[in-house]
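In my numbering, the protein residues as written are 8 to 91.
Take a look at the structure below.
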């Protein structure tokens, strides 16, 4: 019969905790990079839309576009807050 004493159990548990699964590490890094890229693209496109609206829209459509611009600003700041 196998005898399990405290040292054997402790060594086994510590050994399990110390094992690094390279696949899960790579997937975690990949997911983090994708998340960062997604947020970066959203923020970049939002800033481009805001600059386009500020430069191109003059006249009666200006008030509507300013409201849209304000909403985009809220979304962008939310994305920045989620990214940090």
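All C-beta atoms in this analysis are idealised placements derived from N, C-alpha and C, irrespective of residue type, glycine included.
Exercise. In its own chain, which residues sit with a C-beta less than 6 Å from the C-beta of residue 86, not counting the 5 before and 5 after it?
Worked result: Along the chain shown, one-based indexing puts residue 86 at 79. Result list for residue 86: 46, 49 and 50, in chain order.
For this session: Please confirm whether any heavy atom of the ligand COA lies closer than 7 Å to the CB of residue 36.
Result: With respect to small molecules bound, the structure shown includes none, and the ligand COA cannot be examined in it.
For this session: Pick helix, strand or coil for residue 76, following the three-state DSSP scheme.
Result: Locating residue 76 in the chain shown gives position 69, where the first residue counts as 1. Under the three-state reduction of DSSP, residue 76 is assigned to helix.
Problem set entry | Range of the contiguous alpha helix (DSSP H) that encloses residue 50 | In the chain shown, counting from the first residue as 1, residue 50 sits at position 43. Its alpha helix (DSSP H) spans residues 29 to 63.
For this session: Rounded to whole angstroms, what's the CA-CA distance from residue 60 to residue 31? Just pull it up for me.
Result: Along the chain shown, read from residue 1 onward, the residue named residue 60 stands at position 53. Along the chain shown, read from residue 1 onward, the residue named residue 31 stands at position 24. Using only the alpha carbons, I get a separation of about 43 Å.
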